[in-house]
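Residue numbers (this note's numbering): 3 to 236. Each remark here refers to the structure printed beneath this line.
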Amino acid sequence: MPEGSERMAGQSSGNQFEEICAEYISSTFNALGHLRPGKWTVSKGVGGGRMGIARFEQYSHLDALAELALKTPELAAALGSDYLIKPDVVVYREPEPDETFNDPRPIVSEKEARYTGLRAKNNSMPILHASISCKWTLRSDRAQNARSEGLNLVRNRKGRLPHITVITGEPTPSRISSIALGTGDIDHVYHFALHELLDTVRELGMSDAEDLLNTMIQGKRLRDISDLPLDLIV
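Following this line, the structure appears as structure tokens:
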């Protein structure tokens, strides 16, 4: 390390990693707009304080729940923090006006599709398409936090479940496995340099690490970050 330079603080590197991931997803996902047309936004974080997730149509009910919890200590104690969800990066879609649905021919009117959230006439809130957790490194507590957040997104939503993913730069396969292996709390773990990591462990003769990485890849739990934009189109 050059004289006078300092290793980037953990929190600083984590924030920078989130920004880089958000920029990458925004540029690549928007470039694929012809495969999934719509009014899409990629944003770092959700804003709005503790209950920013409630700005989305599937989780709007959590805002009222948070207000009740503030007024009722007993309810707050019973609920705990399970309903508090703060994604690092989100992808969301705005509802569409009827003119979009009815071009080039009539599809919707006053008589049908009166409850779907994609129709602006029924809903003014954006629809969460993806919740992405960005972890530059993976300690056991960070892996558990990402799992818990994914499970809370599943449990607390009303309507369509968004994509739930994790992007990491963790170089240790055993730590990656702590979140990649297991049940479907998350869609996939995406590594920002998976191909390079595989090449490195192979060149170093780390057969156990290589086997573990291949197990996660073949088991459809671990992918490269270049796969993410295409997976989000689905």
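We treat Cβ as the ideally placed atom computed from N, Cα and C, and that holds for glycine. Everything numeric in this text was worked out from a predicted model, so none of it was measured.
| message | According to DSSP, simplified to helix, strand and coil, what is Ala132? | response | As a position in the sequence shown, residue 132 is number 130, starting the count at 1. The answer is strand: DSSP assigns Ala132 an E or B state.
| Which whole-angstrom value is the C-beta distance of Ser180 and Leu140, which I expect to be below 8 Å? | The sequence position of residue 180 within the sequence shown is 178, counting from 1. The sequence position of residue 140 within the sequence shown is 138, counting from 1. Confirmed, about 6 Å.
| said: Measuring only the C-alpha atoms, how far is Glu8 from His197? | reply: To locate residue 8, count along the sequence shown from 1; it is residue 6. To locate residue 197, count along the sequence shown from 1; it is residue 195. At Glu8, the pLDDT of 46 sits below 50, so the modelled position is not reliable; the number obtained from the coordinates is stated separately. Counting only the Cα atoms, His197 lies some 29 Å from Glu8.
| Spatial distance of Asn147 from Asp187 (CA atoms) | Position 145 of the sequence shown, counted from the start, is the residue given in the question as residue 147. Position 185 of the sequence shown, counted from the start, is the residue given in the question as residue 187. Asn147 and Asp187 have their C-alpha atoms some 11 Å from each other.
| message | Between which two residues does the alpha helix (DSSP H) holding Leu64 run? | response | Reading the sequence shown from its first residue, position 62 is the one you call residue 64. Here the alpha helix (DSSP H) through Leu64 covers His63 to Lys73.
| The beta strand (DSSP E) spanning Ser111 covers which residue range? | Along the sequence shown, read from residue 1 onward, the residue named residue 111 stands at position 109. Here Ser111 belongs to no beta strand (DSSP E), and DSSP marks it neither H nor E.
| query | Where DSSP assigns a beta bridge to His193, which residues make up the other side? | reply | As a working note, residue 193 is residue 191 in the sequence shown. Residue pairing for His193: DSSP places it in a beta bridge opposite Thr170 and Asp226.
| Within 8 Å, strictly: CB atoms of Val92 and Ala132 | By one-based count along the sequence shown, residue 92 stands at place 90. By one-based count along the sequence shown, residue 132 stands at place 130. Contact: yes.
| task | Use the C-beta contact count for Gln60: other C-beta atoms within 10 angstroms, 16 or more gives buried, fewer gives exposed. | result | Here residue 60 corresponds to residue number 58 of the sequence shown, with the count starting at 1. Buried.
| task | Use the C-beta contact count for Gly35: other C-beta atoms within 10 angstroms, 16 or more gives buried, fewer gives exposed. | result | Taking the first residue of the sequence shown as position 1, residue 35 is located at position 33. Exposed, by the Cβ-count rule.
| said: If distances are taken between C-alpha atoms only, which option among Thr167, Ala211 and Lys88 comes closest to Phe58? | reply: Along the sequence shown, one-based indexing puts residue 58 at 56. Nearest C-alpha to Phe58: Lys88.
| Between the CA atoms of Trp138 and Asn17 - distance to the nearest angstrom | Counted from its first residue, the sequence shown places residue 17 at position 15. Counted from its first residue, the sequence shown places residue 138 at position 136. Using only the alpha carbons, I get a separation of about 9 Å.
| field | Rounded separation between Phe31 and Pro231 - CA only | value | The count along the sequence shown starts at 1 and reaches residue 31 at position 29. The count along the sequence shown starts at 1 and reaches residue 231 at position 229. Spanning the two alpha carbons is a distance of roughly 5 Å.
| What residues in its chain sit with their C-beta under 7 Å from that of Asp143, if we drop five residues either side in the sequence? | Within the sequence shown, the letter at position 141 stands for residue 143. Within its own chain, no residue has a Cβ closer than 7 Å to the Cβ of Asp143 once the five positions on either side in sequence are excluded.
| task | Thinking Gly119 and Pro97 are a contact (beta carbons under 8 Å), I'd like their distance in whole angstroms, please. | result | For the purposes of this step, residue 119 is identified with residue 117 of the sequence shown, where counting begins at 1. For the purposes of this step, residue 97 is identified with residue 95 of the sequence shown, where counting begins at 1. About 7 Å separates the two Cβ atoms, so the contact holds.
| request: Note down the Cα distance separating Arg116 from Arg107, rounded to an integer number of angstroms. | output: As a first step, residue 116 must be located in the sequence shown, where it is residue number 114. As a first step, residue 107 must be located in the sequence shown, where it is residue number 105. Here the alpha carbons of Arg107 and Arg116 stand approximately 18 Å from one another.
| field | Assigned secondary structure, Glu1 (DSSP; H/G/I helix, E/B strand, else coil) | value | Residue numbering for the chain in the displayed model covers 3 to 236; residue 1 lies beyond these limits and cannot be assessed.
| What residues match up with Trp42 in a beta bridge as DSSP calls it? | Within the sequence shown, residue 42 is the residue found at index 40, counting from 1. Answer is Arg95, bridged to Trp42.
| For Arg121, the residue or residues it bridges with in DSSP | The sequence position of residue 121 within the sequence shown is 119, counting from 1. Bridge partners of Arg121: Glu98.
| query | Near Gln220, what residues of its chain come up, given a Cβ to Cβ distance below 6 Å and the 5 sequence neighbours on each side ignored? | reply | Taking the first residue of the sequence shown as position 1, residue 220 is located at position 218. The beta carbon of Gln220 sits closer than 6 Å to no other beta carbon from its chain once the five residues preceding and following it are set aside.
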